[in-house]
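Right, one structure below, let's go through it.
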Amino acid sequence: MTRRFAIPKLILLCCALGLPLAATAQNPSVRVEIPQLQGSRALERTTETAVIRDYLQSWKSFQTALDQNQAALLDEDFVGTARDKLATAVDDQVKAGIHTRYEDKSHDMQIVFYSPDGLSIQLIDKVEYQEQVFDHDKLLAAKPAHVRYVVILTPSEVRWKVRVFQATAGE
Amino acid sequence: MKPGQRWLIGGLVATLATAFAQSANITVPRSIEAGSAFSIQTTGSGQGKLYIVGPDQALARDVQLGESVPFAVGDLYNAGHYFVILTGASTGIAEIDVLPAAKPETLSFLARPSRVPVGLHSGISGAVYVFDSYNNLIVKPMPVSFDLSELAEAPQSRTVTTRNGMAWTEMDSAQKQGAAKFSATAQGVSRERVITEVPGDPCGLTISAHPDAGKLNVQTAPVRDCSGNPIPDGTIVTFTETFKGSQSTVDVPIKKGIASVSMPAYSGAKISVASGVVAGNEIRWGGGQ
Chain A
2 MTRRFAIPKL
12 ILLCCALGLP
22 LAATAQNPSV
32 RVEIPQLQGS
42 RALERTTETA
52 VIRDYLQSWK
62 SFQTALDQNQ
72 AALLDEDFVG
82 TARDKLATAV
92 DDQVKAGIHT
102 RYEDKSHDMQ
112 IVFYSPDGLS
122 IQLIDKVEYQ
132 EQVFDHDKLL
142 AAKPAHVRYV
152 VILTPSEVRW
162 KVRVFQATAG
172 E
Chain B
110 MKPGQRWLIG
120 GLVATLATAF
130 AQSANITVPR
140 SIEAGSAFSI
150 QTTGSGQGKL
160 YIVGPDQALA
170 RDVQLGESVP
180 FAVGDLYNAG
190 HYFVILTGAS
200 TGIAEIDVLP
210 AAKPETLSFL
220 ARPSRVPVGL
230 HSGISGAVYV
240 FDSYNNLIVK
250 PMPVSFDLSE
260 LAEAPQSRTV
270 TTRNGMAWTE
280 MDSAQKQGAA
290 KFSATAQGVS
300 RERVITEVPG
310 DPCGLTISAH
320 PDAGKLNVQT
330 APVRDCSGNP
340 IPDGTIVTFT
350 ETFKGSQSTV
360 DVPIKKGIAS
370 VSMPAYSGAK
380 ISVASGVVAG
390 NEIRWGGGQ
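In the order they appear, the protein sequences are chains A and B. Mapped onto my numbering, the consecutive letters of the first sequence carry residue numbers 2 to 172. Mapped onto my numbering, the consecutive letters of the second sequence carry residue numbers 110 to 398.
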């Protein structure tokens, strides 16, 4: 059994980035499996909705940060290890004179753990995305990817932020 | 040569170049352990550039095509899925997965709560995330042992295998108050938290009254929880005297284990006691007890 989430269109963001609307206006398809929770804490529907919403938003920040090579764009949605590692990639890209465009096509997500203290949520996201690597404006290569992410989010003042964002090979 | 022929030949050359470029490849290990040394074999000749690009790290190297490109220990250390791109006279693309190291380096141990009443079933919980030395979450299943040790009681132990890098458990708080050490250990790496186990609610709260210079001295028996732990000094005990429809209430902190108060000695008054949500006995003062 799954749930489908509506994602607001990011037309304003596209305009702000100067990206071709056709390239980004198509929002990814999102499938949310019914949570299979470890842990004793019940997950309220409102919490689940907020976590999914904030996680999907973090993809937008991640995409923009790595496309524009601006680590500061990560701050709103990432903290700790996840933020540090993505910022490392931004720094590396700047040094190498490249930037990367990640276009997520679909997300298949399931929340698997809500800690008893309410301070962390873990989800699994099977993502399909298109990755394009540019040397300045020249496209070096592009390919689709199907990747399983393990994600840990923790609450901040107003939103859930991604603390661990790690692709894993297989189950 | 006519312009049309030049275009045709140019197109054929470009197509052939593309075909060769696409047929040239690179040999990349399907996966490596984070931070380990590895190499990528290139084909062709001349100069090229090799990129390894992922969301968590990006590397670029000028390479001599046809040679093996070595990467030293610690070059590629963030776990994830990477895109390998070779440019130059020969081109190629490949993928590589960087897996977390097998050995844990740090545990993120979330223990809750820091203070807990004694005798609470599943009152203490702990969740552990296991990381390697590069702060990669180790997702390969791994046993984590949780131990809760109190001075006066036998320790509780439980071993839980991680799923997706996480293990969690719940344990009962002890019957006796005191500081408990709650630890989590995975492959020799430990983290410890101190849980303060405090007395629960008062249990069997009783009072007695004695006349004292025209007043009534009302006093509790030593206030303890249901496990016999003394309730801490400072805990508020509420005495209530009801007489002829009027009621007076006095809040008194426990001192040296008991609470006492001086109240008017009305013959026929009812005096009751409570602490928090726990009610004690009620006595009627009739000149005697």
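Glycine is no exception: its CB is placed at the ideal position from the N, C-alpha and C atoms.
Helix, strand or coil for residue i, going by three-state DSSP, please let me know.
i      : result
A203/B : strand
S145/B : coil
V159/A : coil
V178/B : strand
S384/B : strand
L260/B : coil
E350/B : strand
Y186/B : coil
L216/B : strand
A130/B : Low confidence applies here, because A130/B scores a pLDDT of 29, under 50, leaving its location unreliable; read the following figure in that light. Helix.
Q64/A  : helix
V95/A  : helix
L120/A : coil
A170/A : coil
Y115/A : strand
D55/A  : helix
R42/A  : coil
L229/B : coil
G81/A  : helix
How close, in whole Å, do the beta carbons of residue i and residue j come, if the pair is a contact with beta carbons under 8 Å?
i      : j      : result
V382/B : T329/B : 6 Å
Y191/B : G157/B : Y191/B to G157/B, Cβ: 18 Å. No contact.
L67/A  : T101/A : 5 Å
I233/B : I316/B : With a Cβ gap of about 34 Å, I233/B and I316/B do not count as contacting.
R164/A : T82/A  : 6 Å
T294/B : S336/B : The pair is not a contact, with the Cβ atoms about 29 Å apart (cut-off 8 Å).
Identify the residues that DSSP records as bridge partners of residue i: which are they?
i      : result
R224/B : T305/B
M372/B : L325/B
W394/B : A378/B
S234/B : R221/B and E279/B
L140/A : F135/A
G197/B : G157/B
K285/B : In the DSSP output, where bridge partners are listed per residue, K285/B has none listed.
I345/B : P362/B
I35/A  : Answer by DSSP bridge pairing: none, since I35/A is not bridged.
M110/A : V33/A and D126/A
I153/A : Q123/A and V165/A
T136/B : Q150/B
S254/B : T268/B and T294/B
R102/A : Q133/A
A167/B : V162/B
S355/B : F352/B
R300/B : A293/B
A318/B : V327/B
V172/B : G157/B
V148/A : V128/A
V248/B : Partner(s): none; V248/B has no beta bridge.
So which residues on chain B does residue i lean against when the C-beta distance must stay under 9 Å?
i      : result
D118/A : L219, A220, R221, P222, S234 and A236
Check the Cβ of residue i against every Cβ in chain B and list those closer than 8 Å, keeping chain order.
i      : result
L141/A : Y160, I194 and T196
K67/A  : At residue 67/A the sequence reads Leu, which differs from the Lys that was named. Those within 8 Å of L67/A in chain B are P164.
T89/A  : D165, Q166 and N187
Run down chain B in chain order and give the residues with a C-beta less than 7 Å from the C-beta of residue i.
i      : result
Q94/A  : A167
K144/A : F192 and I202
What residues of chain A sit near residue i, judged by a beta carbon separation below 7 Å?
i      : result
V248/B : V151 and T169
R272/B : Q39
H230/B : Correct list: empty, because the minimum Cβ distance to chain A is about 12 Å.
N245/B : Q167
Below 8 Å on C-beta distance, what does residue i contact in chain A?
i      : result
D281/B : The contacting residues do not exist; D281/B stays about 13 Å from chain A at best.
S140/B : A170
Interface residues of chain A around residue i at Cβ under 9 Å?
i      : result
L314/B : Result: empty, since nearest Cβ-Cβ is about 31 Å, beyond 9 Å.
Task: Touch test, the segment 119 to 129 of chain A against the segment 140 to 155 of chain A, Cβ-Cβ under 8 Å, three pairs minimum - done: yes
- [ ] Would you check if the segment 40 to 60 of chain A and the segment 139 to 152 of chain B touch, i.e. whether three or more CB-CB distances between them fall below 8 Å?
- [x] no
Open item on the list: Under 8 Å, with one C-beta from each stretch per pair, do the segment 241 to 251 of chain B and the segment 270 to 277 of chain B reach the 3-pair mark?
Closed with: yes
- [ ] Tell me, please, whether the segment 105 to 112 of chain A touches the segment 30 to 40 of chain A by the rule of three or more beta-carbon pairs shorter than 8 Å.
- [x] yes
Task: the segment 40 to 50 of chain A in contact with the segment 112 to 121 of chain A per 3-pair CB rule at 8 Å - done: yes
- [ ] State whether the segment 291 to 304 of chain B contacts the segment 342 to 350 of chain B, with contact taken as three or more CB pairs (one from each stretch) at a distance under 8 Å.
- [x] no
TODO: Evaluate contact between the segment 277 to 295 of chain B and the segment 305 to 320 of chain B, counting only Cβ atoms and requiring at least three cross-stretch pairs below 8 Å.
DONE: yes
Open item on the list: Quick test of the definition: if touching needs 3 or more C-beta pairs under 8 Å, does the segment 288 to 299 of chain B touch the segment 210 to 230 of chain B?
Closed with: yes
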